[in-house]
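The structure appears right after this line, and notes come after that.
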């Protein structure tokens with residue numbers, strides 16, 4: 001009886017082993033659960049991330065052609081003549097016949113004013129004028145001229161020539177006067193010197209920041225006068 005139980009136990013272990021090894025026929029490792037393996041080998045589905053949509057660029061230029069939405073417009077012809085109040089559709093036909101564009105030049109008028117023109121040429125000339133205007137704009141810089149409380153006459157004149165040159169070029173001038181050691185006890189001398197500079201430059205500049213102490217130096221800022229004409 002005990003022998004029979006032992007053989008039966010051996011038979012159950014062998015049967016379990018064979019059942020566990022059946023996946024080998026399908027190319028799976030022995031002892032691996034088929035359903036579990038199938039789940040692990042499923043292809044993962046990746047949800048594509050939507051690209052970040054940047055806000056649309058605003059068209060800051062004038063409306064042209066079919067972008068003109070008014071019911072009526074006041075039309076100026078290609079030669080500058082006042083055609084009168086017409087519909088945008090009629091104006092588009094006239095512009096197309098001339099081989100040109102319909103451009104809204106006064107959107108706030110009632111009705112809006114449009115003109116028949118070459119928009120490409122108009123845009124080029126506008127950009128050219130803006131570029132020339134930027135070139136004419138003066139970038140104001142701050143130049144610095146340093147003095148000493150005991151600046152002699154010759155040195156003063158040399159430094160003042162630089163001050164006038166900077167002001168004539170449209171730049172601001174920062175006048176600095178540095179005190180050393182015991183000179184701090186005679187700040188009144190430095191203030192008198194800066195007041196002299198302000199007086200000598202009143203025909204070319206205007207004091208924007210009056211003399212004040214910054215650490216061991218006294219500072220004054222002079223700006224150029226507006227150019228006439």
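In the UniProt record's numbering, the protein residues as written are 1 to 229. C-beta: ideal position from N, C-alpha, C; glycine also. Here the structure is a predicted model, which is why all the values come from computation and not from measurement.
Check: Less than 7 angstroms between the C-beta atoms of residue 111 and residue 74, yes or no?; Outcome: yes
Check: At a cut of 8 angstroms, does the stretch 83-100 reach the stretch 116-124 through at least three beta carbon pairs?; Outcome: yes
Check: If I measure Cβ to Cβ from residue 184 and keep anything under 7 angstroms in the same chain, skipping five residues before and after, which residues do I get?; Outcome: 216
Check: Sort 157, 76, 127, 109 by Cα distance to residue 197 and report the nearest one.; Outcome: 157
Check: To the nearest angstrom, report how far apart residue 84 and residue 127 are at their CA atoms.; Outcome: 29 angstroms
Check: Confirm, please, whether the CB-CB distance from residue 141 to residue 171 is below 7 angstroms.; Outcome: yes
Check: Is it the case that the stretch 174-193 contacts the stretch 144-154, given that we only count it when at least three CB pairs across the two stretches are under 8 angstroms?; Outcome: yes
Check: Considering only residues of the same chain and omitting the five flanking positions on each side of residue 200, which have a CB-CB separation below 7 angstroms?; Outcome: 160
Check: Taking a contact to mean a Cβ-Cβ separation below 7 angstroms, would you say residue 104 touches residue 134 in this structure?; Outcome: no
Check: Counting only the same chain and skipping the five closest in sequence on each side, list residues whose C-beta sits under 6 angstroms from that of residue 226.; Outcome: none
Check: Helix or strand or just coil, what does DSSP make of residue 171?; Outcome: coil
Check: Is residue 220 close to the ligand FMN? I mean its beta-carbon at under 6 angstroms from any heavy atom of the ligand.; Outcome: The ligand FMN is absent from the structure shown, which contains no ligand whatsoever.
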